Each structure stands twice: as structure tokens, then as C-alpha cells.
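The next block holds one structure in the form of C-alpha cells; read it before the comments.
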Amino acid sequence: VGRHRANGVDYLEARLPLSGEATGIDWDRLHVDVDLLVPGQVAVLARDGDALALRIRSAAGELPKSAVNGTVYGVRWEKGRRIWSRHSFKVTADAAGDATVEGRQLPRRWVDAASEALTTPLYLGGGARPILPWDHFAAGRLQVLLGGDGAASAAGPEGRRARTDLVRLMDTTSGILSIQEALQHDRGLRLRRQDDARTVAIADLAGPALVDHPFAAMQAELPDANAATPEPLAAAAPADFWYARFATLPLFLRLLGEADRWVTPLVQLLQQNPEDRRLTGRYETELGVVRGELAKILGPAAVGQVAVVGSDPYVREGTDVTLIFQLRNADFYNAELDRYLRQHTDHFEALGRGVERSTRDYQGVTITSTRADHGRVRQERAQVGDLGLLSNSPRAIERVVDAIAGRAPRLSDSPDFRYMRARDPGDHQFYAFLSDRLIAAVIGPQQKIQQARRERALAELLVPGYAALLYGWLNGHAPEDPKALLASGLLGKDELRHASGEPITFDPPPLRDGRIPKDRTTFSAWGTPPALTPLIDLPPVTQVSEAEAAAYRDFASGYQMYWRRFIDPVAISLDITAAEERGPKEEDVDVDVRVLPLIDATDYRDLERVVGKQRVAVKALDRGLQAVWAVGAESSVRRDLDGILRAATGESDVGVGWVGDWVMVGVEDRVALAELFSYLDDRVQRPDPARGDDDLFTDTELWRRVGASPIYVAAAIKNPTMLVATLGGIRKLVNEVAPGAVEWGEHSKHRDLPIVRVGIRRDAPLLARPDMADAVALYYVQTSAAIVVGLDPEVLKVVVDRIAAGDGQIPGPGAEDGAQLIVDASSRPGDAMWTVASWILQGEAMVTQATAERRAEILLRGAHGAEGPGLLTELGYAYFGGTPLSARGSAGFVIDPQGAADPALGTAIHRKYPELPIRSSPVERLMERLVGFRVEVSFDPEPAAAGPDARSLHSHLRLRLSGGG
Numbered sequence: 016v017g018r019h020r021a022n023g024v025d026y027l028e029a030r031l032p033l034s035g036e037a038t039g040i041d042w043d044r045l046h047v048d049v050d051l052l053v054p055g056q057v058a059v060l061a062r063d064g065d066a067l068a069l070r071i072r073s074a075a076g077e078l079p080k081s082a083v084n085g086t087v088y089g090v091r092w093e094k095g096r097r098i099w100s101r102h103s104f105k106v107t108a109d110a111a112g113d114a115t116v117e118g119r120q121l122p123r124r125w126v127d128a129a130s131e132a133l134t135t136p137l138y139l140g141g142g143a144r145p146i147l148p149w150d151h152f153a154a155g156r157l158q159v160l161l162g163g164d165g166a167a168s169a170a171g172p173e174g175r176r177a178r179t180d181l182v183r184l185m186d187t188t189s190g191i192l193s194i195q196e197a198l199q200h201d202r203g204l205r206l207r208r209q210d211d212a213r214t215v216a217i218a219d220l221a222g223p224a225l226v227d228h229p230f231a232a233m234q235a236e237l238p239d240a241n242a243a244t245p246e247p248l249a250a251a252a253p254a255d256f257w258y259a260r261f262a263t264l265p266l267f268l269r270l271l272g273e274a275d276r277w278v279t280p281l282v283q284l285l286q287q288n289p290e291d292r293r294l295t296g297r298y299e300t301e302l303g304v305v306r307g308e309l310a311k312i313l314g315p316a317a318v319g320q321v322a323v324v325g326s327d328p329y330v331r332e333g334t335d336v337t338l339i340f341q342l343r344n345a346d347f348y349n350a351e352l353d354r355y356l357r358q359h360t361d362h363f364e365a366l367g368r369g370v371e372r373s374t375r376d377y378q379g380v381t382i383t384s385t386r387a388d389h390g391r392v393r394q395e396r397a398q399v400g401d402l403g404l405l406s407n408s409p410r411a412i413e414r415v416v417d418a419i420a421g422r423a424p425r426l427s428d429s430p431d432f433r434y435m436r437a438r439d440p441g442d443h444q445f446y447a448f449l450s451d452r453l454i455a456a457v458i459g460p461q462q463k464i465q466q467a468r469r470e471r472a473l474a475e476l477l478v479p480g481y482a483a484l485l486y487g488w489l490n491g492h493a494p495e496d497p498k499a500l501l502a503s504g505l506l507g508k509d510e511l512r513h514a515s516g517e518p519i520t521f522d523p524p525p526l527r528d529g530r531i532p533k534d535r536t537t538f539s540a541w542g543t544p545p546a547l548t549p550l551i552d553l554p555p556v557t558q559v560s561e562a563e564a565a566a567y568r569d570f571a572s573g574y575q576m577y578w579r580r581f582i583d584p585v586a587i588s589l590d591i592t593a594a595e596e597r598g599p600k601e602e603d604v605d606v607d608v609r610v611l612p613l614i615d616a617t618d619y620r621d622l623e624r625v626v627g628k629q630r631v632a633v634k635a636l637d638r639g640l641q642a643v644w645a646v647g648a649e650s651s652v653r654r655d656l657d658g659i660l661r662a663a664t665g666e667s668d669v670g671v672g673w674v675g676d677w678v679m680v681g682v683e684d685r686v687a688l689a690e691l692f693s694y695l696d697d698r699v700q701r702p703d704p705a706r707g708d709d710d711l712f713t714d715t716e717l718w719r720r721v722g723a724s725p726i727y728v729a730a731a732i733k734n735p736t737m738l739v740a741t742l743g744g745i746r747k748l749v750n751e752v753a754p755g756a757v758e759w760g761e762h763s764k765h766r767d768l769p770i771v772r773v774g775i776r777r778d779a780p781l782l783a784r785p786d787m788a789d790a791v792a793l794y795y796v797q798t799s800a801a802i803v804v805g806l807d808p809e810v811l812k813v814v815v816d817r818i819a820a821g822d823g824q825i826p827g828p829g830a831e832d833g834a835q836l837i838v839d840a841s842s843r844p845g846d847a848m849w850t851v852a853s854w855i856l857q858g859e860a861m862v863t864q865a866t867a868e869r870r871a872e873i874l875l876r877g878a879h880g881a882e883g884p885g886l887l888t889e890l891g892y893a894y895f896g897g898t899p900l901s902a903r904g905s906a907g908f909v910i911d912p913q914g915a916a917d918p919a920l921g922t923a924i925h926r927k928y929p930e931l932p933i934r935s936s937p938v939e940r941l942m943e944r945l946v947g948f949r950v951e952v953s954f955d956p957e958p959a960a961a962g963p964d965a966r967s968l969h970s971h972l973r974l975r976l977s978g979g980g
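Each number in our numbering corresponds to the 1-based position in the sequence shown with 15 added.
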């Protein structure tokens, strides 16, 4: 219906009429497979009444003259789920049709369609196709540069404006993606905000009011106020830094190795934005060390305990990290660090990148600094007595030196630290502490406003790379140099400077000859996209704008209202012990966490009202999953349920007063569990062919599998007579509500105990299918100690056998300091629960797969012609600050008209289903290592000085690890 050529660019629009089921399809407007299109020719879709408008822009040669053939994709409902469908089209040129749309309108119409395609979510079964910050930038930049009506973008994402953006930048709960989405929308539209006049003194801003606990008085009331185990390295840690101490250097390196192998990769996959930011390697390079050699050479003879400290929690973006070594052989330690540093500096010097070395005297301590490649290496070193200091921050190492000398408050002298050490004495392999002062600093105006400014600076650092990727998408090749990008208009000269005035250096990587590009192309005083300058090393905030002040006051007010309970000290310990009774190289990792709540402890008392103050104990499971709650006699839940049941039945002796001191929910490790899950899951498995068009309430096969599921509930019996009365009252109520619809009778016996079946009659009214009456029913059995309810009578028999065996397998009263909630799980590779757990984890990874695919597509379409296995890794690190990872932990994406794909997983349009768990994936590595866990939670009383009924949250996690590692 139209053609046009302007400024060497061709445009074409075709009309694709819709009819029948096609009118109800949600079309993918961004992915159109047009025959013979090459890079630099971009096709998008727009809805145009009862038709689709296909609009193509070509900066890479003329478009077809006679016919356009291809495929469009959409999502439709089928069998209760949204599935992809593909539709072929063929458009024949019609001279009369070419006049339908005025040619000069085509550029604007293409821009409007492209902008809408980039920023309109396509809703799939598991959610919407992600809209990333680059999409908002590109949509806005197209509107500004090439023209468009701008209607879709005028208000910004969700109508957010500058004032609101500042609040979100300070909000501890806002996601990085959503913040950058808002910022990049404005940058795409060239709405550069100059900093407002900074007329408000930072000293005039007050943070959230914090309640100081009377820690000294609390410590004095402990059974042994001086029970604390010595923690010597805490005397070198500033009081407002986080603190993590390792008993030995090998333990420190081993935990980092475990994190690299399965913890960090899994977290990367399950986060909002699955990516590899090379955190461990990045900080290793900044510190100028070689971790593998540290483990081999610097052993216990040279170094004792090791502590790591830092001033803020922004490890992902860039933070200060200072290592404190307890030296046993200082000469050997220093010689080895010199050797590791030379490996890094020699590498950068060989690449022609500058290395700067200097020394300075700080309060009588010599600090040696080494800088290379715009902060890639940023080592600070010093020695104070028998302590070796190694940092990536000049200001942080000075703060540590001040703490050692006593010129600044030390963590070891902090009342909260002293109290928590005395409250839970003991020598642990690992100990970490988050102090009141640290959390006050993190939420205080200095750090919050500085971090908000740094996040805005990051948005500005991303703009040149975003513009280069947009250039590649539109032209079919990356810009040769910054001049080409500036000449295109996609990047303005003013965008090579921060709003606060600092220059931005941008050097787009040459993507030709199969060369791997540099992984750092953009940098300024604020840092680089993957590694921002630590907050502590930025100039201190002294004055703020009215907008910043108002945004911080909003944050402080909201924090005071909703998040106040999280500001209190947190102590964490970890120990690794051999578990040879399970097998060779089997280990238990025990993690203990205590959080001291506020004096009023309101939220904790609410939960305590559910469980009372009762404690519970139960032996660990060999196989299966169970959760056990203690139920105190004073629990308010008892009173509430008693009232409901008595009102419903009209019987005064009906209620839950029969319940003893525990309630349990469990799942046996049986094949039926996997059969049920595989029937329902379609995230990582092909949809089960047995599933028909039935809905949830008429799918007999579904209910048959539910009826066989190995789930059970059990409760201790305190008053058998009342239990009998309650069951009778419930049965009477059911018969009154649905007379003749429910069968209630003995099914079988086990250990001379009747197993009772409660199920729907086959001839019950309103039952759509009689077979469903046979598919699922409830069963219960009453022992002298407990009642057990489940869906499979065979499962009830197993639970009854455990109860009869005793030996700690049935819950019982716990010790005074015991748990109130226990969750225990154990399974082995190949067992049903292990299999389902791997499916669930892989399914969660697939939820974020779409984000990784979109990021990879942006990179690959913006860098046409670049080859080499390291391309995506380096390009993602340079332009986005991280490399997108597929749900199997791979950066090996390929591009096709449907988008970017991991070859093993396919695209969202054509998904592949490899055998699970996926070989060498983070999920497989985790499942090979983890064979069980146990969580114990309690609310423990604190000394009277803490306030009326003050309690702390105490959690203990035990990870059961298989051999290896």
C-alpha cells in the first residue's frame, strides 16, 4: 500500500488482512520473518483495523519490487494455555495499492510501529515479553530522530516523571531494571535533566529515626555477660562497615569456589535479570590478586584469619572491599602479593594500557597504590603491625587504618556487636555481622542520595553503547568510530558528558575480522557500566537539590513506616563438618542467623500468636519433605477456629481444643509426585499429551493424579474425645449442606487402626463426571498420638509406621531454646522429589529466560557481522555491564528471525525441551551437590532491659551436601 525513499533509506508498507481465528491473536510485532531481508532491513508490525500493517525500513539496499513473502507469529489460546502459532503471508505488488498511503508518511508510520513494537508487552503463558531499558531508549530516540507522532511515549513508562524517578532511585525495593527503564525513556527522547541548584545542606536532612537498644544493660542481664569468644579482627573493622571473618585463607577461597560453582550461577539465573557480571573476577582484578595461586601458596604458614569489610551493600554495581589478613610470615605474604600484582600489570602494559604506581603516607602508615586500565586494577596496600591490608578503595583502606589506630569507632567496641557475641558465644569457621551503624549509614541521606546520583550517572554511561546498538540495528553494521555515531544523530555530543559535568569517554569496539572486542568501551569519573566507582571514593555530598531533599524525605518516611524492622543488627555464623555416616566426602553446612528486632517486636508477636511459645523437636527425615509447627496452648488460632467450628455446627464440644503441641504437613518421596508435576508443568517439559480441552474441574486425569499425590497433614492429639466430637460435628455439617453427596466410611485397616475414606458419591448431584468420584478422596487415620490425613492411604500407612516407631520420628516438645518451626527435606539424585526440585528450579530459570533472550537479541542485532565465541560475553559486559545467560547458564546465543536463542532451548516461539536437569547447568550443579536441608526458626526472648516481651528472630539452616567440591 505504499513505498518511499528518503535520504538513501527505503520504506515499504503492506496490508495483511485478518479473518477467522487470526482476528483474536496477539501478534508479535517485533519478530517478522520476511524472505530475503538482510541486516539493516527492519520489519515490524502494527495493527490497522481488521488487518496487520507490515512496515519495512531498509538502509541496506532496495526492497523487493514484485512480492514480499514471509511469516508472522502470534499467541492464541488453546487447551487452556497460550501457545504460539505461525502464519505465512504473500504480498503481491499492486501499482494502484502503492498510492493508498502517501509515501512521505511512511517514515513516520514505520517509526510509530517500531516504537510501539519495542515497548508493547506480548503476554505469554508465563508472563509478558520483557521490555528492557534499551527498548525504551530506542523507541524514544527513533521518535526524536526519524519522526513520529510520539503518542505512545509522551508520558514515559507508566507516566513516571523526574520527581517520582528520584524517589524510586532511593527506594530499597525498586528493581534495577525498572529504574533504568524509566531513566532510559527520557534519555531516548533527549530529555536530559541538568542538575537542579543544590541549595539544601545535607546536614539538614534527617534519616529514619532509629531506636537505640540498651545493649550494655541487655548484656549485663545475660547468664554470662563475658561469654563472648574473642574476635580480634573486629578491632580493625570500622563500626559502620559490614564484617565477614574467615578462620583460614583456604576456607575463604573454598567458599568463594563453592559460590562460583553453583551458588552464584543459580542466583544469576533466578534473578530479575539473568546475567554474568563477573563479580568475583572483577574484584579479584581490582585487588590485584590471583585467587587460584592464593589457595596453593599462601597457606596457614603465611596467613591466619582473614576478614573482609566494606561500607555499603552495592556489590553488584561497585563497592569498596578491604581484606584484613592476620599475618604469620609478612615477608612471604608481601612477596606473593607483589608477584600476583605483576601478573595483572604486565598484562595491561602488554596491551598498551597505562599503569600508575604511587605511595603516600597516611597518619604514619605507608599506603601503596597501583592503578591500571581506568580502574580495572585499583589496588591499595598497607601493613599495620601484624595485619596486612588489601583494598580496592583509597578511602576505605584509610578508614580501616583509622579504626586500627583508634581514631575512628571500631566494630569490636560497638555495643550491639559486643552484646550479640556474648549472647551467642562460640568459635565459628565463619562469622559475619551487620551493625546498627552500617544500616543507619546505608539508609542515611549521604549514602542514599549519592547512590541515586550514581544510578543516574550509570544511565548516562549506558547511552553511548545503547546508541551504538541502535545504529547497528538500523544500518546492519556497527559504527566504525564515535564520529560515525555522532554523525548519524543517534548520539549527541552533549551525551558524552554527565549532567553533573564529568566527561564520558566512549570508544565503540571494532566488530570485524573475528576480533573479540574490548570489554570496557565507556568510562568516566563515575566508573564503567560493569563497575561503578565505590560510593566511599566519590566526593562527599554536601549540598542537595530541593527535588533530592523531597525525594529523600519521602523515602525516609516510607522506610520508617514499612521497613523499620529490618534496621537491627544481624549476626551470621557458618560451620562445615564432615558427615561420614552418610558417605565419603559428605558434609553438613550449618548457617546460623540471629536478627534482633525492635523493642516493641509487634510483627513478631503477631506471628507468635499463631504458634504460641511452644517449642518442638523432630528427627531429620531420611527421605521426603515435612514442615512442623509448634502449637502453644495460648495460641489465638485455637480460639478463632473453635469459634468458627462451633458457629457452623451448633455444637459446643466441637473445635480444635483436641490439637496437641504440634501440626505437620509433609510430602513422601514417591513417583506419584513427579507424575502430578509433569502433568501440570509446561515450562521445561512438553505439554502432556494426556491433557485435553477440559478445565480444572472436569479433567479426570488431573484429579486422578492429585488423588495419588503423596501429601499428608498430621496433628498431635491432646483430647481424643473432643476429636471424635469434632469429626462427628463436621460429618453432620457436611450431610446438612450436601445431603447424600459424600460417602464417609472405613476403607481399610493398618496396625488394627481403621483408615477412613471421605469422598464424593458417584451419583452426587452436579458431579460432571462420575469417574472423578473415584479419582480423588480424603483418607484419615487416628492413632493414640496423632491424626493423619492424606490423599493416598498407602502414604498414611508409612506415616503411621513412623509414628509407631517413635525414636524421635514423631514431633515432640522441644528444649527451652528449641525451634518453633522446622522444615526438613531430603532426597537423592534420581528420586522423585529430587527430580521435581530440579524441574521447579529449571522452570524458575525459564521464567527469566525471555529477559536474557531479549538482551542477547539486542546485542546480536546491534553488532551484525561480528564473529567469535567471545563476542556476546565481551559485548554484553561492555554495553550492559553484564553478559546475558540462558536458563542453562550459557552465553552461547544465536540469532534468527524469531529472536535470540540458546540452541539447546530454542526460542520463545519454538521452544526445545532438553533432558532434565540440563547437563552442566547451574541447576544440575546444585542438585548434584545438595541432597537435603533443614531449617529451624524460633522467636527467642531477650533480656528484660530490651523492653516488654522483646524477642529476636533466630534461624538455623543445615545444608546436606554430597561428596565433591
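Glycine residues also receive a C-beta, built at the ideal position from the N, C-alpha and C atoms. All values derive from a computational prediction rather than experimental measurement.
query: Is the stretch 478–497 touching the stretch 869–879, taking contact as three or more C-beta pairs under 8 Å?
result: yes
query: Does DSSP put F432 in a helix, a strand or coil?
result: As a first step, residue 432 is located in the sequence shown; it is residue number 417 there, counting from the start. F432: helix per DSSP, three-state reduction.
- request: On the DSSP bridge assignment, give the partners of Y26 in chain order.
  value: Residue numbering aside, residue 26 sits at position 11 when the sequence shown is read from its first letter. As DSSP reads the structure, Y26 sits in a beta bridge with H19, R72.
message: Need the endpoints of the alpha helix (DSSP H) that I419 sits in, please.
response: Here residue 419 corresponds to residue number 404 of the sequence shown, with the count starting at 1. In the DSSP assignment, I419 falls within the unbroken alpha helix (DSSP H) covering 409–420.
query: Between the Cα of A322 and the Cα atoms of G390, A74, E246, G307, which residue gives the shortest distance?
result: Counting from 1 along the sequence shown, the entry for residue 322 is found at position 307. Nearest of G390, A74, E246, G307 to A322, Cα basis: E246.
- request: Measure the C-alpha to C-alpha separation of V399 and L500 and round it to an integer number of angstroms.
  value: Taking the first residue of the sequence shown as position 1, residue 399 is located at position 384. Taking the first residue of the sequence shown as position 1, residue 500 is located at position 485. The alpha-carbon atoms of V399 and L500 are separated by roughly 51 Å.
task: Would you mind giving the Cβ-Cβ distance between R386 and E371, rounded to the nearest angstrom? I have them listed as a contact below 8 Å.
output: To locate residue 386, count along the sequence shown from 1; it is residue 371. To locate residue 371, count along the sequence shown from 1; it is residue 356. Yes, they are in contact, since the Cβ atoms of R386 and E371 sit about 4 Å apart, within 8 Å.
- prompt: DSSP puts Y99 in a beta bridge; with which residues?
  reply: For this step, residue 99 is matched to residue 84 along the sequence shown. Note that residue 99 corresponds to Trp in the displayed sequence, not to Tyr. V90, per the DSSP bridge assignment.
- prompt: Where DSSP assigns a beta bridge to K764, which residues make up the other side?
  reply: The residue you call residue 764 lines up with position 749 of the sequence shown. Answer is P769, bridged to K764.
task: Determine the extent of the beta strand (DSSP E) in which V643 is found, giving its start and end residues.
output: As a first step, residue 643 is located in the sequence shown; it is residue number 628 there, counting from the start. It spans 639–645 - the beta strand (DSSP E) in which V643 sits, taken as one unbroken run.
- prompt: Any idea what DSSP makes of I454, helix, strand or coil?
  reply: On the sequence shown, position 439 is the one that residue 454 refers to. Correct three-state label for I454: helix.
Cβ-based burial, Y377 [other Cβ within 10 Å; buried from 16]: For the purposes of this step, residue 377 is identified with residue 362 of the sequence shown, where counting begins at 1. The residue is exposed, with fewer than 16 neighbouring Cβ atoms inside 10 Å.
message: Checking the sheet assignment: what are the DSSP bridge partners for Y258?
response: On the sequence shown, position 243 is the one that residue 258 refers to. DSSP lists V324, F448 as the beta-bridge partner residues of Y258.
- request: For K927, count neighbouring C-beta atoms within 10 Å of its own C-beta (all shown protein chains included) and say buried if the count is 16 or more, exposed if not.
  value: As a working mapping, residue 927 is identified with position 912 in the sequence shown. Answer is exposed; the Cβ neighbour count stays below 16.
Cβ neighbours of L11 in the same chain (closer than 7 Å, five flanking residues each side left out): What is shown of the chain runs 16 to 980, which leaves residue 11 out entirely.
- prompt: Around the C-beta of S967, are 16 or more other C-beta atoms found within 10 angstroms, so that it is buried, or is it exposed?
  reply: Along the sequence shown, one-based indexing puts residue 967 at 952. That one is buried.
message: DSSP has M679 in a bridge; who is on the other side?
response: One-based indexing of the sequence shown puts residue 679 at position 664. Bridge partners of M679: V643, A729.
Closest residue to A262 among I933, G441, I217 (Cα-Cα distance): Position 247 of the sequence shown, counted from the first residue, corresponds to residue 262. Ranking I933, G441, I217 by Cα distance to A262 puts G441 first.
message: With DSSP as the reference, identify every bridge partner of R512, one or two as the case may be.
response: Here the question's residue 512 lines up with position 497 in the sequence shown. Bridge partners of R512: P518.
- prompt: Within this structure, are the beta carbons of A960 and G829 separated by less than 7 Å?
  reply: For the purposes of this step, residue 960 is taken as the residue at position 945 of the sequence shown. For the purposes of this step, residue 829 is taken as the residue at position 814 of the sequence shown. It is not a contact, given that the beta carbons lie outside the stated cut-off.
- request: Use the C-beta contact count for S977: other C-beta atoms within 10 angstroms, 16 or more gives buried, fewer gives exposed.
  value: Along the sequence shown, one-based indexing puts residue 977 at 962. With 16 or more other Cβ atoms within 10 Å, it is buried.
task: Could you say which of Q857, D291, I339 lies nearest to Y996 if we only look at CA atoms?
output: With the chain covering only 16 through 980, there is no way to say anything about residue 996.
query: In this structure, does DSSP put D807 in helix, strand or coil?
result: Within the sequence shown, the letter at position 792 stands for residue 807. Coil, per DSSP.
message: Which residue marks the beginning of the alpha helix (DSSP H) containing D353, and which one marks its end?
response: Here the question's residue 353 lines up with position 338 in the sequence shown. Its alpha helix (DSSP H) spans residues 345–365.
- request: Could you check which residue in E872, L887, W849 has the C-alpha nearest to that of R1005?
  value: Here the chain comprises residues numbered 16 to 980, so residue 1005 is not present and cannot be evaluated.
Cβ-based neighbour list, S970, same chain, cut-off 6 Å, excluding 5 preceding and 5 following: Residue numbering aside, residue 970 sits at position 955 when the sequence shown is read from its first letter. V608, V952.
message: Checking 7 Å against the spacing of the C-beta atoms, do V728 and V680 come in under that value?
response: Mapped onto the sequence shown, residue 728 falls at position 713. Mapped onto the sequence shown, residue 680 falls at position 665. Yes, these two residues count as a Cβ contact at 7 Å.
query: Hey, out of V771, Y298, S763, whose CA is closest to V739's CA?
result: Within the sequence shown, numbered from 1, the residue matching residue 739 stands at position 724. For V739, the nearest C-alpha among the options comes from V771.
- prompt: With burial defined as no fewer than 16 other Cβ atoms inside 10 Å of the residue's Cβ, what is the status of V226: buried or exposed?
  reply: By 1-based counting over the sequence shown, the position of residue 226 is 211. It counts as exposed.
message: Three Cβ pairs or more, each shorter than 8 Å: is that satisfied between the stretch 583–593 and the stretch 418–436?
response: yes
- prompt: Closest by CA to K463, which one among R568, K812, H389?
  reply: Position 448 of the sequence shown, counted from the start, is the residue given in the question as residue 463. The shortest Cα separation from K463 among R568, K812, H389 belongs to R568.
One or two residues paired with S539 in a DSSP bridge: On the sequence shown, residue 539 is found 524 positions in, with the first residue counted as 1. Per DSSP, G542.
task: Out of S503, G805, W759, V59, point me to the one whose CA is closest to A723's CA.
output: If you number the sequence shown from 1, residue 723 lands on position 708. If we check each option's Cα against that of A723, G805 comes out closest.
- prompt: If you draw a straight line from the C-alpha of V24 to the C-alpha of L856, how long is it?
  reply: Taking the first residue of the sequence shown as 1, we reach residue 24 at position 9. Taking the first residue of the sequence shown as 1, we reach residue 856 at position 841. If you take the alpha carbons of V24 and L856, they lie about 47 Å apart.
- prompt: Nearest to D451 by CA position, among A474, L60, P223, is which residue?
  reply: By one-based count along the sequence shown, residue 451 stands at place 436. For D451, the nearest C-alpha among the options comes from P223.
message: Between which two residues does the alpha helix (DSSP H) holding D955 run?
response: The residue labelled residue 955 in the question sits at position 940 within the sequence shown. Run containing D955: none in the alpha helix (DSSP H); it sits in the beta strand (DSSP E), 945–956.
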